[in-house]
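See below for the structure under consideration.
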Amino acid sequence: MTYQVLARKWRPKSFDTLVGQEHVVRALSHALTTQRLHHAYLFTGTRGVGKTTLARIMARALNCETGITPTPCGQCSTCLEIDAGRYVDLIEVDAATNTRVDEMRQLLENAAYAPTRGRFKVYVIDEVHMLSTSAFNAMLKTLEEPPEHIKFILATTDPQKIPVTVLSRCLQFNLKQMPQHHITEHLSRILENEQVPFEPPALRHLARSAHGSMRDALSLLDQAIAHGAGRVEEEGVRAMLGTVGEDHLYAILDALMQQDIHAMLAAAAQMNERSVSFEGALQELAALVHRIALIQFAPDALPDPIEAARLKVYAESFDAEFLQLAYQILIAGREDLPRAPDEAAGFTMTLIRLHAFHPDQGGGAPRAQAPSVRKIEATPPRPAASGPAVVAPPSVAQRDAAPSVSAPVPPANKAALPAAPAELAEAMPAMAATPPQPLDESAPQDWHSILSALKVGAMARALAEHCELADLSETVVNLRIASSHKHLLMNRAPQDKLQEALQAHFGRPVKLAIMVADAVGDTPAVRAQSERVERHQRAVAALGEDGFVQQVVDLFDATLVESSIKPL
3 MTYQVLARKW RPKSFDTLVG QEHVVRALSH ALTTQRLHHA YLFTGTRGVG KTTLARIMAR
63 ALNCETGITP TPCGQCSTCL EIDAGRYVDL IEVDAATNTR VDEMRQLLEN AAYAPTRGRF
123 KVYVIDEVHM LSTSAFNAML KTLEEPPEHI KFILATTDPQ KIPVTVLSRC LQFNLKQMPQ
183 HHITEHLSRI LENEQVPFEP PALRHLARSA HGSMRDALSL LDQAIAHGAG RVEEEGVRAM
243 LGTVGEDHLY AILDALMQQD IHAMLAAAAQ MNERSVSFEG ALQELAALVH RIALIQFAPD
303 ALPDPIEAAR LKVYAESFDA EFLQLAYQIL IAGREDLPRA PDEAAGFTMT LIRLHAFHPD
363 QGGGAPRAQA PSVRKIEATP PRPAASGPAV VAPPSVAQRD AAPSVSAPVP PANKAALPAA
423 PAELAEAMPA MAATPPQPLD ESAPQDWHSI LSALKVGAMA RALAEHCELA DLSETVVNLR
483 IASSHKHLLM NRAPQDKLQE ALQAHFGRPV KLAIMVADAV GDTPAVRAQS ERVERHQRAV
543 AALGEDGFVQ QVVDLFDATL VESSIKPL
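Start counting the sequence shown at 3; every next residue gets the next number (the working numbering).
Printed below as a string of structure tokens:
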């Protein structure tokens with residue numbers, strides 16, 4: 003017996019078995035029920051979404067021997083002949099091979115004759131956009147006022163190429179791409195009826211590779227059954243498609259969640275050993291991040307409950323803003339992949355970028371401390387100053403945030419103080435050579451003057467310039483940053499650099515704490531912008547008062563473009 007491919011064997015034969023086009027089915031069913039039938043229909047959509055299938059179902063509904071109905075019987079000779087492709091009053095034309103005007107004229111001449119058996123003579127013209135301009139012009143009159151026994155059903159994948167004169171004469175229905183869960187459910191029903199063992203994750207790979215086309219999904223399913231010797235298993239489907247396994251993607255997300263860069267690089271190395279497409283991996287990883295973000299804001303958006311339950315862990319662990327940044331990093335990494343030294347290097351660099359921009363949320367591995375912080379922690383307690391330091395008592399939040407520092411108790415008798423051992427003196431860091439001075443509260447503590455004295459790089463300075471000093475104590479420097487600039491806190495490195503510079507400036511261990519506020523006051527960035535505006539206004543005023551400039555303006559009826567003025 004000749005084998006019939008699944009795409010033909012399981013082609014829908016009625017509206018209720020058509021998958022994923024409910025909006026079109028509803029309109030056509032109501033039209034058939036109320037007998038409000040148009041003479042020309044246009045079905046548009048990508049390949050494999052059911053345009054030709056829907057045309058054949060319409061032909062059955064119009065010519066079924068039980069009457070015009072949205073539920074043809076499927077048992078009469080008309081329905082059976084339409085299914086077999088030999089019904090005399092159903093004329094299917096492939097416009098891709100019959101593009102000339104002569105062929106169209108011959109087709110329309112036969113339209114004048116009454117149907118042989120059915121109520122209507124149905125013309126199905128597939129890929130109608132391939133017709134020539136002359137062929138379109140030849141069919142315009144018949145398409146607008148056809149005989150009562152004629153119905154036109156046009157199908158195309160590119161409606162933009164159809165003249166508007168044709169579009170205006172048709173009822174247009176846009177068939178959408180099949181959602182992945184609809185494809186998965188349909189493939190599952192087919193395999194159960196075919197009694198083929200399968201693994202559900204394998205069907206998700208097939209549905210994703212079909213890109214919204216049910217026909218492509220069924221063709222891939224045929225290939226998967228042959229590849230797996232009568233079984234559809236995930237490992238075999240992944241090998242057949244050359245796609246990235248979900249285990250690799252979830253391994254990367256697990257490592258990112260735990261801030262384990264070594265595990266992320268190990269997953270990339272395993273993918274490289276299996277010759278996985280890194281471009282496809284970045285695409286699938288971006289799609290996975292997209293679904294995680296969906297769960298955060300719309301928990302019911304994912305129709306697959308198994309996948310939703312698995313992704314919920316990541317949705318609860320990752321910050322919503324970081325997911326947006328991670329999505330952009332993955333998209334940019336995919337675009338930069340052709341310019342990378344090789345695909346493996348580009349993919350690895352994208353993973354490193356994800357790790358570098360992940361905020362420390364306390365749920366992952368502890369972040370390595372900067373070397374300067376370790377040096378300060380090794381510094382022995384400083385000697386007591388000769389004069390008492392007046393320090394404002396810290397608030398409760400500052401006491402909680404500040405590290406516990408035990409102040410040395412001065413001995414009652416200075417002569418009894420033992421000398422430091424020689425090895426301890428040699429081990430003391432270089433910065434301890436100059437004893438740190440206590441905080442002088444009498445000196446003005448202005449953040450602008452403090453920042454001007456700090457030696458920090460571009461990223462740390464950009465962070466500091468958008469902050470204002472909230473409070474300053476012996477051990478804590480509290481800053482405030484506006485919520486509009488909180489993205490500067492995504493990377494921990496500038497904060498560590500700024501804290502290191504503050505410790506060097508004050509000569510003692512201090513902790514940097516930055517709070518996000520709705521609005522801040524006069525930050526260095528705001529003051530710098532105000533100064534630039536003021537200098538520009540002075541320059542504009544000076545040019546406006548210049549005699550030569552005034553003479554040029556009066557003589558040539560010129561206009562002074564203020565935006566082009568650059569103050570010196």
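For each residue, glycine too, the CB sits at the ideal point set by N, CA and C.
Residue i versus residue j - alpha carbon distance
| i | j | result |
| --- | --- | --- |
| residue 299 | residue 241 | 34 angstroms |
| residue 80 | residue 141 | 28 angstroms |
| residue 33 | residue 96 | 27 angstroms |
| residue 436 | residue 448 | Because the pLDDT of residue 436 is 40, which lies under 50, any placement of that residue in the model is unreliable, and the question is left without a value. |
| residue 519 | residue 487 | 10 angstroms |
| residue 228 | residue 198 | 11 angstroms |
| residue 110 | residue 28 | 31 angstroms |
| residue 522 | residue 503 | 23 angstroms |
| residue 47 | residue 326 | 31 angstroms |
| residue 24 | residue 116 | 33 angstroms |
| residue 35 | residue 59 | 15 angstroms |
| residue 189 | residue 307 | 18 angstroms |
| residue 131 | residue 99 | 12 angstroms |
| residue 125 | residue 151 | 11 angstroms |
| residue 50 | residue 469 | 57 angstroms |
| residue 572 | residue 217 | One cannot answer for residue 572 here, as it falls past the ends of the chain, which runs 3 to 570. |
| residue 15 | residue 52 | 11 angstroms |
| residue 169 | residue 43 | 9 angstroms |
| residue 546 | residue 534 | 18 angstroms |
| residue 178 | residue 5 | 30 angstroms |
| residue 477 | residue 508 | 10 angstroms |
| residue 331 | residue 266 | 15 angstroms |
| residue 10 | residue 38 | 31 angstroms |
| residue 433 | residue 505 | The predicted position of residue 433 is uncertain, since its pLDDT is 38 and thus under 50; no value can be drawn from it. |
| residue 482 | residue 496 | 15 angstroms |
| residue 356 | residue 329 | 10 angstroms |
| residue 18 | residue 135 | 37 angstroms |
| residue 208 | residue 104 | 43 angstroms |
| residue 540 | residue 285 | 53 angstroms |
| residue 560 | residue 526 | 38 angstroms |
Bridge partner(s) assigned by DSSP for residue i
| i | result |
| --- | --- |
| residue 44 | 156 and 174 |
| residue 49 | Beta-bridge pairing links residue 49 to no other residue. |
| residue 94 | 126 |
| residue 481 | 471 and 516 |
| residue 234 | 200 |
Delimiting residues of the alpha helix (DSSP H) encompassing residue i
| i | result |
| --- | --- |
| residue 110 | 103-112 |
| residue 143 | 135-146 |
| residue 195 | 182-196 |
| residue 452 | 449-455 |
| residue 166 | 166-169 |
| residue 498 | 494-508 |
| residue 209 | 202-212 |
| residue 1 | Residue 1 is absent from the model: the chain starts at 3 and stops at 570. |
| residue 278 | Run containing residue 278: none; DSSP gives neither H nor E here. |
| residue 1 | No answer is possible for residue 1: it lies beyond the span of the chain, which begins at 3 and ends at 570. |
| residue 83 | 79-86 |
Distance CB(residue i)-CB(residue j) smaller than 8 angstroms
| i | j | result |
| --- | --- | --- |
| residue 251 | residue 287 | yes |
| residue 122 | residue 64 | yes |
| residue 45 | residue 113 | no |
| residue 479 | residue 456 | no |
| residue 493 | residue 324 | no |
| residue 304 | residue 295 | no |
| residue 269 | residue 349 | no |
| residue 587 | residue 465 | Only positions 3 to 570 of the chain appear in this structure, which leaves residue 587 out of reach. |
| residue 511 | residue 538 | no |
| residue 120 | residue 91 | yes |
| residue 13 | residue 55 | yes |
| residue 280 | residue 339 | yes |
| residue 148 | residue 41 | yes |
| residue 316 | residue 273 | no |
| residue 235 | residue 187 | no |
| residue 219 | residue 226 | no |
| residue 297 | residue 313 | yes |
Bounding residues of the beta strand (DSSP E) (the contiguous stretch that carries residue i)
| i | result |
| --- | --- |
| residue 125 | 123-128 |
| residue 473 | 469-474 |
| residue 517 | 513-519 |
Contact with chain B by residue i, beta-carbon distance below 8 angstroms
| i | result |
| --- | --- |
| residue 317 | Chain labels in this structure do not include chain B; a single protein chain is all it has. |
Fill in: Inside the region 282-343 only - beta strand (DSSP E) runs reaching at least 3 residues
none
Item to complete: May I have a chain-ordered list of the alpha helix (DSSP H) segments no shorter than 4 residues that lie completely inside the region 236-271?
Response: 236-243 and 248-259
Worksheet item: Along the chain, which unbroken stretches of the alpha helix (DSSP H) at least 4 residues long are found entirely within the region 523-547?
Response: 526-547
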